[in-house]
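Please read the structure below before turning to the comments.
Number of protein chains: 2
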Amino acid sequence: MKASARPIGVFDSGVGGLTVARELLRQLPGEKLIYLGDTARTPYGNKSPQTLIRFALETGTFLARRGVKMLVVACNSSSAYSLGALRERLNIPVVGVIEAGARAAVAGRRGRPIGVIGTRATVRSGAYARAIHALDPRARVVAQACPLFVPLVEEGWTGHALAAQVAQEYLRPLKREKVESVVLGCTHYPLLKTVLAKVLGRDIALVDSAKEVAREVKTLLKASGLASPLKTVPFKQHLFFVTDPPEQFAGQVKRFLGRQPDIRPVRLAELPAK
Amino acid sequence: MKASARPIGVFDSGVGGLTVARELLRQLPGEKLIYLGDTARTPYGNKSPQTLIRFALETGTFLARRGVKMLVVACNSSSAYSLGALRERLNIPVVGVIEAGARAAVAGRRGRPIGVIGTRATVRSGAYARAIHALDPRARVVAQACPLFVPLVEEGWTGHALAAQVAQEYLRPLKREKVESVVLGCTHYPLLKTVLAKVLGRDIALVDSAKEVAREVKTLLKASGLASPLKTVPFKQHLFFVTDPPEQFAGQVKRFLGRQPDIRPVRLAELPAK
C-alpha cells in the first residue's frame, strides 16, 4: 500500500483521546484512523514514568504493526514521558499533545501567567512548562494536578454541582496567581469546559490542545508527502480497538464522537521484562 | 519448607487490600504475608469480568509460585468474579472478601434491608446479594455503586467537605430504603468510615469485611493444619510487591499500616491470549 494511503494511529489510556480523534476526523476527513484505547489498564494519570513508557511502547508497537503512517499520542500523561522512547523504537513520525497545547497557549499570550491543569503524572513531569519555555522563556507557568476530574467525567457528573465545587478547589491557586489562560492538559477535560469556564470567569481563556494537534498532524502529513489522496473516508473504515472488552467503552464513545463505531477487543503483546 | 511455615498471599489492585492485610497482621501475628498490589493496572473497579479474571490469574500465579499456602483476594471486584477461576487453577485454598462481608451483615440482621456499596464491577456482579441470600433468602439487599469513593480516598480527601457531599449523593437511595446496615464492599471504603457514619446516622451500622475475612482465614488455617507454629513474625519478614514502581505506593502504605515496609517492584508473567 502506498504510504499516503495508510491510516493514522491514535492511542490513549481510554476514552479521553477521542476528543483528539474527533478533531482529526473533522480537520482531516480524507484520513483513515486506527484508535487504540488501553482500557484494561486505564487510567494512566497516576502511574510512574517507567510504566507509562512501557505501556506506550506496547500500544505504539501494536499500531505500527497495523501499518500506521504516523502515531498520535492522544494522552497527555503518555506524551509527557514516552515520545522519546517511541521515536527511538518506531520508524514513523510520532506526535504528542503537549507541544501543541503549549503552542496554543503561547500564541494567545497577553503577559499574565499561563495555567496548566492535568493528571498527577503530567504535572509532575513538568513537560508543559518545558514546552512553553522553549517557545517563550519569560512565560510564567502555574501547574495544578486535578486527579478527581477524570473520575468525575467518567461518572458523567460533568454538569453536577459537585463538579463545580471540585473545580473551585483545584483552580483556586490558578485564580490567585491571576493566570490569563488555562491549558486543558488532559484529554478528558474538554468535557468539563462549561463548568471550568464558569469557575474561572470570562477573563481566563481555556486552551484545548485537540484542535492544535489536528492542525499539527495536517501540516506534518503535507510536509512529508504522507497526506491521504482521498477526499473523505466512510466512518465504518475507521478502526477502534480496546484492551478491556468493549461494552463499557462503547457506551461512552457516542458522547465523544456522536456516532457509534464497531469496537474490537485486542490483547497487546507485552514487552519482555528487562 | 513445612506447609504451615509458608506465607499467606494477599492481593489487591493497589493499596485498598492493605486494610485486609492490617487485620491479618493483627489477628494472625504468627503468619508471614506476601502482599501484591497490581498498581500498574489499578483500579479494577470499572473493568470487565474477563479482564478481572485474567488479572487475578496472573497475580494469583505469581503468589503461588512464591509458595504461599493460601490466597486471600483482598479486592471486592476481583472476589466478585475470579474465585472460581483461581480455585480451578491453583492448588491452595482461596479466600475472597465478599462471603465474609455477607456473613457479618447477616449476623447482625434486625429485619430491615441490607445496604451494599462498592465499585461498579462489584455491584454489577450481584455477588453480595447472592452471598447474602445464600445465608438468608428473605433478606432484602439494596446495592449502590460509588465510583468516586476510590479516587476521593486516593486523593486523600477523606475528611474534606466534598467527601460528605459525594456520600450524601450516593447514599440517598440506601437511606430512602431505610437500610439497617451498609456493607463496605470495597477495601478502600473503611478509610471513609467517619464521613459515611456521619451521613448515614447512628442507626445504620457499617460492616467492614476485613475483620471477618481475617477470622475466616484463621479458622481455615486451623482446620486444614496450616496454621503457623510461630508466635510472632518480625515485620521485616512480610514481603510487599507492586507492579508499578513503588514510590507512590510507599507514600500511601503508612496511612494503612502505620509502618513502612520495604516494597519491591515486579513484572507479572502475562497469561497467553486465548
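So the sequence lines, in the order shown, correspond to chains A and B.
Quick note: the first sequence uses our numbering, first residue 4, plus one each step.
Quick note: the second sequence uses our numbering, first residue 4, plus one each step.
Ideal Cβ placement from N, Cα and C applies to all residues, glycine included.
This one's a predicted model, so the numbers in the text were calculated from it and none came from an experiment.
Query: Reduced DSSP secondary structure (H/G/I, E/B, other) of Y47/A; Result: coil
Query: The region 112-128 of chain B touching the region 80-93 of chain B, judged by at least three CB pairs closer than 8 Å; Result: yes
Query: Interface residues of chain A facing E215/B [CB-CB closer than 9 Å]; Result: Under the 9 Å cutoff, chain A gives no residues; its nearest Cβ is about 29 Å from E215/B.
Query: Contacts that D206/B makes with chain A (C-beta to C-beta distance below 7 Å); Result: Chain A residues near D206/B: none, gap ~26 Å exceeds 7 Å.
Query: Contact under 8 Å by Cβ, G104/A with V186/A; Result: yes
Query: T235/B burial status per 10 Å Cβ neighbour count (16 or more: buried); Result: exposed
Query: Residues in the region 34-60 of chain A having any Cβ partner in chain B nearer than 9 Å; Result: T42, A43, R44, T45, P46, N49, K50, S51, P52, Q53, T54, R57, F58
Query: Distance, N79/B Cα to T54/B Cα; Result: 14 Å
Query: For Q255/A, the three-state DSSP class (helix, strand or coil); Result: helix
Query: Rounded straight-line distance, which links the Cα of L223/B to that of V71/B; Result: 14 Å
Query: Contact residues within the region 166-184 of chain A, judged by C-beta distance below 9 Å to chain B; Result: Q168, V169, E172
Query: Among R218/B, R258/B, D41/B, the one whose alpha carbon lies nearest that of Q30/B; Result: R218/B
Query: Residues of the region 248-264 of chain A with Cβ closer than 8 Å to any Cβ of chain B, in chain order; Result: P248, E250, Q251
Query: Short CB-CB distance (under 8 Å) between L151/B and chain A; Result: yes
Query: Coarse secondary structure for S227/B, derived from DSSP in three states; Result: coil
Query: P237/A: contacting residues in chain B (beta-carbon distance under 8 Å); Result: The contacting residues do not exist; P237/A stays about 29 Å from chain B at best.
Query: Test: P154/A CB closer than 8 Å to a CB of chain B; Result: yes
Query: Backbone CA spacing between F58/B and D265/A [nearest angstrom]; Result: 25 Å
Query: N-terminal and C-terminal residue of the beta strand (DSSP E) that Q147/B is part of; Result: 144-148
Query: K196/B versus A164/B - alpha carbon distance; Result: 14 Å
Query: Cβ shell of F244/A (< 6 Å), same chain only, five flanking positions each side left out; Result: L39, R267, V269
Query: Endpoints, the alpha helix (DSSP H) within which L177/B is located; Result: 164-179
Query: P268/B - DSSP class collapsed to helix/strand/coil; Result: strand
Query: In DSSP terms, what V76/B is bridged to; Result: F14/B
Query: Chain B contact for E158/A (CB, 8 Å cutoff); Result: yes
Query: Short CB-CB distance (under 8 Å) between E26/A and chain B; Result: no
Query: E273/A at chain B interface by Cβ criterion, 8 Å; Result: yes
Query: Contacts around L151/B, its chain only, beta-carbon distance under 7 Å, and the 5 residues preceding and following it disregarded; Result: V169
Query: Cross-strand partners of G121/B (DSSP beta bridge); Result: A148/B, G188/B
Query: Backbone CA spacing between G254/B and Q240/A [nearest angstrom]; Result: 46 Å
Query: Selected residue, minimal CA-CA separation from A6/A, among P232/A, L271/A, F238/A, P248/A; Result: P232/A
Query: Enclosing beta strand (DSSP E) for V245/B [first to last residue]; Result: 242-245
Query: Start-to-end residues for the alpha helix (DSSP H) that takes in L40/B; Result: The question names Leu, yet the displayed sequence has Gly at residue 40/B. Counting along the chain, G40/B falls outside any alpha helix (DSSP H), though it belongs to the beta strand (DSSP E) covering 36-40.
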